[in-house]
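Shown next, in structure tokens, is the structure this report addresses.
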Amino acid sequence: MSNSKTLGETLRDRGVSRRGFLKFCAATTSLMALSPSMMPRVAEALEKAKRPSLIWLSFQECTGCTESLTRSHAPTLEDLIFNAISLDYHHTLQAASGYGAEESREAAIEENTGKYLLAVDGSIPLGNPGYSTIAGISNVEMLKETAKGAAAIIAVGTCAAYGGLPHANPNPTGAVSVSELIKDKPIINVPGCPPIPVVITGVVAHYLTFGSIPELDVHGRPVAFYGQAIHDRCYRRPFYARGQFAETFDDEGARKGWCLYKLGCRGPVTYNACATTKWNQGVSFPIASGHGCIGCSEPGFWDKGGFYQALSQTQWGSAAGLAGAAAAGVAIGAGAALLARNRQKTVREEKKS
Amino acid sequence: MGELYNIPIRLEGAPWSAGNATSILHEIRHALLALLESGQETTIDLHSLPMGPADETQLRDALGQGEVEAQLDVLGKSVVRETRIPGVWFVDHYNADGHPVSRFIEITRIPAILKAQPEDIREGIARLTEQLVAVDDRH
Chain A
1 MSNSKTLGET LRDRGVSRRG FLKFCAATTS LMALSPSMMP RVAEALEKAK RPSLIWLSFQ
61 ECTGCTESLT RSHAPTLEDL IFNAISLDYH HTLQAASGYG AEESREAAIE ENTGKYLLAV
121 DGSIPLGNPG YSTIAGISNV EMLKETAKGA AAIIAVGTCA AYGGLPHANP NPTGAVSVSE
181 LIKDKPIINV PGCPPIPVVI TGVVAHYLTF GSIPELDVHG RPVAFYGQAI HDRCYRRPFY
241 ARGQFAETFD DEGARKGWCL YKLGCRGPVT YNACATTKWN QGVSFPIASG HGCIGCSEPG
301 FWDKGGFYQA LSQTQWGSAA GLAGAAAAGV AIGAGAALLA RNRQKTVREE KKS
Chain Z
1 MGELYNIPIR LEGAPWSAGN ATSILHEIRH ALLALLESGQ ETTIDLHSLP MGPADETQLR
61 DALGQGEVEA QLDVLGKSVV RETRIPGVWF VDHYNADGHP VSRFIEITRI PAILKAQPED
121 IREGIARLTE QLVAVDDRH
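Heads up: the sequence lines are chains A and Z, in that order. Quick note: the first sequence, position 306, residue 306 per this note's numbering, numbers continuous. Quick note: the second sequence, position 32, residue 32 per this note's numbering, numbers continuous.
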């Protein structure tokens with residue numbers, strides 16, 4: 001359960017020096033994609049931050065999001081659990097089971113009403129409550145009951161954020177996202193199939209540090225991590241600008257690491273931090289491994305055409321201009337960036353109005 | 001993680017570059033002038049930029065190795081290394097498993113993490129005082 005000690009006090013009790021605390025703050029500032037000049041403010045806020053209670057509910061999901069979470073390296077999940085948050089309920093990670101597990105969820109709700117964070121992975125079936133239940137409680141019922149006292153909700157993964165794979169046509173279970181059911185709580189969508197590990201912990205760290213939810217885009221995603229298109233930050237972007245494309249997965253272009261646009265890469269219409277944060281402790285990301293982005297952090301990505309069709313052949317709304325650029329094979333990569341930025345600008349303006 | 005690098009698949013041609021190393025070197029030059037003129041310190045977060053192997057190499061080659069290198073054992077290892085451009089430091093933090101958690105270039109006379117912190121000094125004084133009291137008690 002959460003306690004009254006601040007993070008600074010907890011770390012000192014564990015024998016962590018001020019140097020260690022500064023290192024923790026430097027890593028956290030970087031993790032939240034904040035400017036290093038914000039470090040003193042982050043340190044000041046973290047020093048006084050109280051450990052919030054976190055209740056994690058898993059519905060129609062594959063456990064990939066939890067697998068991803070456990071691979072966060074900065075901070076590690078262990079760092080978070082032992083120092084920064086009180087993870088009071090999580091099917092996969094908790095030791096308790098059966099009645100004991102449900103009692104710990106109920107106790108966390110009661111003790112921290114109005115203050116706890118709720119994380120949800122997986123979509124919620126509306127077709128028949130029996131499609132997915134926990135301890136005999138339907139997913140809808142458990143979500144509504146647990147959301148009632150939450151300070152904020154983090155929808156982890158594309159299933160919780162937008163319905164994801166269960167929502168894909170023909171959506172046999174009537175799957176919906178968290179935001180389709182809960183309208184009276186702040187919801188932070190952290191999409192991805194799965195989301196990048198440090199993006200999940202980064203969002204938790206932001207809440208812990210500032211006690212508020214980060215700035216969100218029109219799809220409810222934190223702008224710090226989802227503010228730029230993969231294409232804008234892709235190291236293969238110069239090849240796009242020069243009209244150098246891989247046509248198959250084993251041709252000269254593929255071997256030379258040229259742009260994967262014609263092989264279905266959805267980097268130009270996908271907003272995520274893969275190209276900068278990368279995966280496996282910063283080792284690589286799909287495009288660096290030779291496969292195009294599949295757009296997994298965008299709503300409805302499963303239903304927008306084959307993964308290996310160029311964007312011009314799919315149902316991604318803003319792809320037509322990009323297709324023209326690629327087909328011409330000329331150096332107008334800036335057009336794609338402009339298109340992407342205009343889209344982002346448009347959605348922010350829509351949000352403001 | 002080391003195993004990942006051992007997979008025998010290599011890209012043909014030169015290592016990839018995001019073209020950011022030159023921009024960073026310009027930023028460092030400006031930051032050094034500011035440090036000299038007004039004492040203003042600058043930190044560049046290398047995780048916030050797309051960096052390819054070629055960018056890393058260009059940056060390391062241009063900045064080189066300077067006179068100071070320090071290793072800290074604090075919540076995992078940290079390595080602070082001055083480059084051959086005085087006032088420009090690489091600060092690499094690792095977690096307890098040895099995985100890199102953050103990487104900065106600091107433009108400063110000395111990175112803050114190397115300095116003894118007042119809170120730690122106070123605790124050190126308390127420990128030393130306890131020891132001295134114990135010694136006095138024995139005599």
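All residues carry an ideal CB built from backbone N, CA and C; glycine is no exception.
{"Check": "Minimum Cβ-Cβ distance from residue 16 (chain A) to chain Z less than 8 Å", "Outcome": "yes"}
{"Check": "Assigned secondary structure, residue 35 (chain A) (DSSP; H/G/I helix, E/B strand, else coil)", "Outcome": "coil"}
{"Check": "Environment of residue 88 (chain A) [buried if 16+ CB atoms lie within 10 Å]", "Outcome": "buried"}
{"Check": "Own chain partners of residue 104 (chain A) with C-beta closer than 8 Å, once the 5 adjacent residues on each side are dropped", "Outcome": "88, 89, 94, 96"}
{"Check": "Ordered list of alpha helix (DSSP H) runs contained in the stretch 43-124 of chain A, each at least 4 residues", "Outcome": "64-69, 98-111"}
{"Check": "C-beta contact flag for residue 11 (chain A) and residue 55 (chain A) at 8 Å", "Outcome": "no"}
{"Check": "Buried or exposed (CB count within 10 angstroms, at least 16 for buried), residue 67 (chain A)", "Outcome": "exposed"}
{"Check": "Backbone secondary structure at residue 221 (chain A) - three-state DSSP", "Outcome": "coil"}
{"Check": "Residues of the stretch 75-102 of chain Z whose Cβ lies closer than 9 Å to any Cβ of chain A, in chain order", "Outcome": "75, 76, 78, 91, 93, 95, 96, 97, 99, 100, 101, 102"}
{"Check": "Proximal residues of chain Z, C-beta to C-beta of residue 36 (chain A) below 9 Å", "Outcome": "42, 43, 44, 45, 48, 104, 106"}
{"Check": "Chain A within 8 Å of residue 19 (chain Z), Cβ atoms only", "Outcome": "yes"}
{"Check": "Length of the line joining the Cα atoms of residue 8 (chain A) and residue 15 (chain A)", "Outcome": "11 Å"}
{"Check": "Any chain Z beta carbon closer than 8 Å to residue 179 (chain A)", "Outcome": "no"}
{"Check": "Residue 170 (chain A), buried or exposed, once every other Cβ within 10 Å from all chains shown has been counted against 16", "Outcome": "exposed"}
{"Check": "Identity of the residue in A:58, A:242, A:45 nearest residue 207 (chain A) by Cα", "Outcome": "A:45"}
{"Check": "N-terminal and C-terminal residue of the beta strand (DSSP E) that residue 242 (chain A) is part of", "Outcome": "From DSSP, residue 242 (chain A) is part of no beta strand (DSSP E) but of the alpha helix (DSSP H) over 237-242."}
{"Check": "Member of A:92, A:86, A:166 whose CA lies at the smallest distance from the CA of residue 107 (chain A)", "Outcome": "A:86"}
{"Check": "Interface flag, residue 23 (chain A) vs chain Z, CB-CB below 8 Å", "Outcome": "yes"}
{"Check": "Residues of its chain near residue 91 (chain A), where Cβ-Cβ distance is below 6 Å and the 5 sequence neighbours each way are ignored", "Outcome": "58"}
{"Check": "Three-way DSSP call (helix, strand, coil) for residue 109 (chain Z) in this model", "Outcome": "coil"}
{"Check": "Closer than 7 Å at the beta carbon, the chain A residues around residue 119 (chain Z)", "Outcome": "18"}
{"Check": "Proximity below 8 Å, CB of residue 6 (chain A) to CB of residue 49 (chain A)", "Outcome": "yes"}
{"Check": "Residue interval of the alpha helix (DSSP H) (run including residue 81 (chain Z))", "Outcome": "Unbroken run through residue 81 (chain Z) is the beta strand (DSSP E), 77-82; no alpha helix (DSSP H)."}
{"Check": "Near-chain Z residues of the stretch 247-277 of chain A - C-beta to any C-beta below 8 Å", "Outcome": "255, 256, 257, 275, 276, 277"}
{"Check": "Beta carbon proximity, residue 238 (chain A) to chain Z, threshold 8 Å", "Outcome": "yes"}
{"Check": "Interface positions of the stretch 31-62 of chain A facing chain D (Cβ-Cβ less than 9 Å), listed along the chain", "Outcome": "This model lacks chain D altogether; the protein chains it does include are A and Z."}
{"Check": "Range covered by the beta strand (DSSP E) that runs through residue 45 (chain Z)", "Outcome": "42-45"}
{"Check": "N- and C-terminal bounds of the beta strand (DSSP E) containing residue 190 (chain A)", "Outcome": "187-190"}
{"Check": "Residue 143 (chain A) (DSSP reduced to helix, strand or coil)", "Outcome": "helix"}
{"Check": "Residue from A:33, A:71, A:41 with nearest C-alpha to residue 46 (chain Z)", "Outcome": "A:33"}
{"Check": "Residue range of the unbroken alpha helix (DSSP H) whose run includes residue 93 (chain Z)", "Outcome": "Taken as a continuous stretch (DSSP letters only), residue 93 (chain Z) belongs to no alpha helix (DSSP H), being part of the beta strand (DSSP E) at 88-94."}
{"Check": "Residue 156 (chain A): first and last residue of the uninterrupted beta strand (DSSP E) it sits in", "Outcome": "150-156"}
{"Check": "Neighbour list for residue 76 (chain A) in chain Z, Cβ cutoff strictly below 7 Å", "Outcome": "95"}
{"Check": "Contact with chain Z by residue 331 (chain A), beta-carbon distance below 8 Å", "Outcome": "Bear in mind that a pLDDT of 36 at residue 331 (chain A), under 50, signals an unreliable position, so the model cannot answer this."}
{"Check": "Best match in A:39, A:84, A:193, A:120 for proximity to residue 178 (chain A) [C-alpha to C-alpha]", "Outcome": "A:120"}
{"Check": "Rounded separation between residue 63 (chain A) and residue 237 (chain A) - CA only", "Outcome": "33 Å"}
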